[in-house]
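Residue numbers (this note's numbering): 3 to 555.
Spelled out as structure tokens, the structure:
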């Protein structure tokens, strides 16, 4: 018998959506049927039979250094009895919807979620990733944590044999690419922001950004007597204590949020209210009083008081191009003594922020068996220009003459943290010519940097993609031909489109390819899927008639 699932349009109930933005339809499970058929054998062209339901793969990653063995093993690879240092298999995780948890802290649509996770398991997926939202967990007040919805999800994953990557999401959800719902910072934090607006990032025009607390006040007791770093540490410690029985076994990775979208960067390209449009260069975020005080102190320290009065005066606006700015143009201010001073200060502040948070996380999770990771944004537009303006405003001091990713990788290495990077699915030829993009060049640079720093590299796709071309590009970048190979890949994201038949088949093929280290490039050419129901999709009427339906609402 088949189990047919009818799900509503979102994991949020109607009462939870009050005050939220209209969800993006790509993030929702529409009112459609999802069918889990009995597994049938897949017949290969040579008439051999392969069971359709894939087995759980125990994964390890390829050792990328020939002279010194890389000892930084990913937590979920260590239990494999067959893992070797030459194994090239790459485990695949799938991100859950942003609204997996309701605003009351409960797991939305648990039966629908369970059915979806069963499907992922059948496809050979290693596990799932979920955001642990600061704005939901510590919503009721300082040090008052609600982990109940997450506990239900963790137990569900354990029963199905899936692993979890949990993101400590200290940022706001809403206002960026792919954000389909609104989850602000905790109400008590927003109260403190209203009293002291300088505790959030501020641009040259005085525009405040409430996505994330400014790193300028990391050491200031601005959150009811606690510093932001202390608040993040207490949050992570609460998570550790609540899930101590699952860490290292079910919860194999804790990704530490360090900025907007959980990425270690400044919010230099916010999409909310049309502030920024691709491929704009963005703006520096150093105008709150804490950042200004730091800049002034740094300038005084080298005897250049005038350099500390403000940020650069000759930069362009958010959506402009490098050549429209005296600072970012080909031989602009960025390449002068002043420009180098400012960019070093700006980027080192970001590095210190990441260093402090990862140090705190390492202190919390040491000995638990869970791996730490952090995420870096794949800012690929204007990469082919000399100044790399969009990277500079985000805090990555990466130019034609300067490697901005090696220092980040080295910092990650000090905390034995995985370097998680986006835009793994992108090709140069798919990008608009006027944007001077090179996602492939950027990925190659990051792979080299992480290899030099002896840091594990994991990947994500930056945008929702379901086509075989995108999956093929990820497969290519997962190898170690031009630097570090991937130790894991997290696919963005589980939603209704993923379960459409063609998209689902592409995912199954991709997971298979990654588990085989890329040896099987075209599964659909090698196997006949015509008699198999190894997919979850929109069910045709004749399939529904044969199925025993269970309406899960």
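Just so you know, even glycine gets a beta-carbon here, dropped at the ideal spot from N, CA and C.
Nearest to residue i (by Cα), restricted to the options the options
i           : options               : result
residue 463 : 441, 493 and 508      : 493
residue 471 : 485, 511, 482 and 451 : 511
residue 137 : 305, 188, 147 and 306 : 188
residue 296 : 310, 396, 382 and 258 : 310
residue 378 : 480, 346 and 452      : 452
residue 366 : 245, 155 and 519      : 245
Residue i - containing beta strand (DSSP E), residue span
i           : result
residue 255 : 253–258
residue 133 : 129–135
residue 493 : 488–493
residue 203 : 202–204
residue 215 : 210–215
residue 300 : Here residue 300 belongs to no beta strand (DSSP E); instead the alpha helix (DSSP H) covers 291–303.
residue 378 : 373–378
residue 95  : 94–97
residue 166 : 165–171
residue 414 : Premise fails: residue 414 lies in the alpha helix (DSSP H), 408–416, not in any beta strand (DSSP E).
residue 422 : 419–423
Residue range of the alpha helix (DSSP H) that includes residue i
i           : result
residue 116 : 112–124
residue 323 : It is not in any alpha helix (DSSP H) - residue 323 carries neither H nor E in the DSSP assignment.
residue 348 : 339–367
residue 231 : 230–244
residue 275 : No alpha helix (DSSP H) contains residue 275, which DSSP labels as neither H nor E.
residue 435 : Run containing residue 435: none; DSSP gives neither H nor E here.
residue 191 : 189–197
residue 496 : Premise fails: residue 496 is in no alpha helix (DSSP H) and is neither H nor E.
residue 461 : Taken as a continuous stretch (DSSP letters only), residue 461 belongs to no alpha helix (DSSP H), being part of the beta strand (DSSP E) at 459–462.
Cβ neighbours of residue i in the same chain (closer than 6 Å, five flanking residues each side left out)
i           : result
residue 364 : 417
residue 262 : 173, 213, 214 and 269
residue 596 : Outside the shown range of the chain, which is 3 to 555, sits residue 596, and nothing can be said about it.
residue 352 : 397
residue 186 : 137 and 174
Assigned exposure category for residue i - 16 Cβ within 10 Å defines buried
i           : result
residue 200 : buried
residue 133 : buried
residue 338 : exposed
residue 287 : buried
residue 91  : buried
residue 299 : exposed
residue 427 : buried
residue 99  : buried
residue 257 : buried
residue 368 : exposed
residue 465 : exposed
residue 469 : exposed
residue 443 : exposed
Through-space distance from residue j to residue i, alpha-carbon basis
i           : j           : result
residue 112 : residue 122 : 15 Å
residue 264 : residue 334 : 31 Å
residue 255 : residue 167 : 5 Å
residue 400 : residue 266 : 15 Å
residue 239 : residue 215 : 19 Å
residue 140 : residue 103 : 13 Å
residue 528 : residue 495 : Summary for residue 528: the model assigns pLDDT 36, below 50, so the residue's position carries little reliability; its value from the coordinates is reported in the next sentence. So the two alpha carbons sit approximately 27 Å from each other.
residue 249 : residue 373 : 9 Å
residue 371 : residue 247 : 11 Å
residue 458 : residue 198 : 39 Å
residue 210 : residue 218 : 14 Å
residue 506 : residue 500 : 6 Å
residue 170 : residue 150 : 16 Å
residue 392 : residue 341 : 15 Å
residue 419 : residue 509 : 28 Å
residue 148 : residue 302 : 46 Å
residue 27  : residue 384 : With a pLDDT of only 35 at residue 27, under the threshold of 50, the placement of this residue in the model should not be trusted; the figure read from the coordinates follows. Rounded to whole angstroms, residue 27 to residue 384 spans 30 Å at the Cα level.
residue 480 : residue 395 : 28 Å
residue 291 : residue 306 : 19 Å
residue 293 : residue 315 : 16 Å
residue 308 : residue 345 : 16 Å
residue 242 : residue 329 : 45 Å
residue 483 : residue 461 : 16 Å
residue 450 : residue 467 : 26 Å
residue 233 : residue 135 : 13 Å
residue 251 : residue 156 : 11 Å
Beta-carbon contacts of residue i that lie in its chain and below 8 Å, excluding the five residues immediately before and after
i           : result
residue 231 : 220, 221, 358, 359 and 362
residue 236 : 145 and 228
residue 331 : 324, 325 and 389
residue 95  : 127, 128, 129, 130, 131, 165, 167, 490, 491, 492 and 493
residue 119 : 130, 158, 159, 162 and 164
residue 116 : 158 and 162
CB contact below 8 Å: residue i versus chain B
i           : result
residue 336 : No chain B appears in this structure, which consists of one protein chain only.
Cβ shell of residue i (< 7 Å), same chain only, five flanking positions each side left out
i           : result
residue 387 : 324 and 438
residue 282 : 271, 320, 321 and 322
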